[in-house]
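Novice: Residue numbers (my numbering): 1 to 136.
1) Tell me, please, whether the region 76-95 touches the region 20-37 by the rule of three or more beta-carbon pairs shorter than 8 angstroms.
2) Judging by CA-CA distance, which residue of 7, 12, 4, 22 is the nearest neighbour of residue 87?
3) Counting C-beta neighbours from all protein chains within 10 Å, is the total for residue 116 16 or more, i.e. buried, or is it exposed?
4) Residues in its own chain within less than 8 angstroms of residue 134 by CB, not counting five upstream and five downstream?
5) Is there contact between the region 7-19 and the region 45-61, where contact requires at least three CB pairs shorter than 8 angstroms?
6) Going along the chain, which residues of its own chain have a beta-carbon closer than 6 angstroms to the beta-carbon of residue 101, five neighbours each way excluded?
7) Alpha carbon to alpha carbon, how far is residue 129 from residue 37?
8) Work out the CA separation of residue 44 and residue 105 for me, nearest whole Å.
9) Do you know whose CA, among 5, 1, 113, lies nearest residue 40's CA?
10) Let me know if residue 123 comes out buried or exposed under the rule of 16 or more other beta-carbons within 10 Å of its beta-carbon.
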């Protein structure tokens with residue numbers, strides 16, 4: 001368990017490298033990022049411990065990402081919430097004579113303070129535009 005802000009930052013840096021492979025990374029990591037704010041006193045609350053353990057678990061059980069087949073169509077799934085934006089680029093492929101849909105690329109980010117004031121439709125639109133720009 002991290003003992004200070006420096007250790008939290010180190011862990012978040014490591015986990016952040018794999019963020020595209022961890023579903024809902026921004027939502028899970030939010031309490032730990034807030035802990036690193038300049039004015040926040042270090043302390044591992046129940047939410048922070050839960051976030052740390054969830055990220056640690058996710059790092060060892062990330063979903064299997066298959067190589068994309070650029071001859072086949074892709075699907076994009078988006079989700080926006082008060083915690084962050086996420087998008088998953090999926091593709092259906094035939095594996096062992098079975099149609100298997102799975103993620104090919106996952107992206108996440110926290111929302112900015114000004115974006116937190118957006119309505120649901122604006123937030124979903126923001127997520128779609130951000131995802132399309134990021135995946136371009």
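Built from N, CA and C at the ideal position, the CB exists for glycine as well.
Specialist: The answer reads as follows:
1) Contact check between the region 76-95 and the region 20-37: three or more CB pairs, one atom from each, fall below 8 angstroms, which counts as touching.
2) Taking each of 7, 12, 4, 22 in turn and checking the Cα distance to residue 87, the smallest one comes out for 22.
3) Answer is exposed; the Cβ neighbour count stays below 16.
4) If we look at residue 134 and ignore the five residues flanking it on each side, its Cβ neighbours are 87, 107.
5) Flag = yes, the region 7-19 and the region 45-61 touch.
6) Hits under 6 angstroms: 90, 92.
7) Rounded to the nearest angstrom, the two C-alpha atoms are 29 angstroms apart.
8) Going from the Cα of residue 105 to the Cα of residue 44 covers about 32 angstroms.
9) The residue with the shortest Cα to Cα distance from residue 40 is 5.
10) Buried, by the Cβ-count rule.
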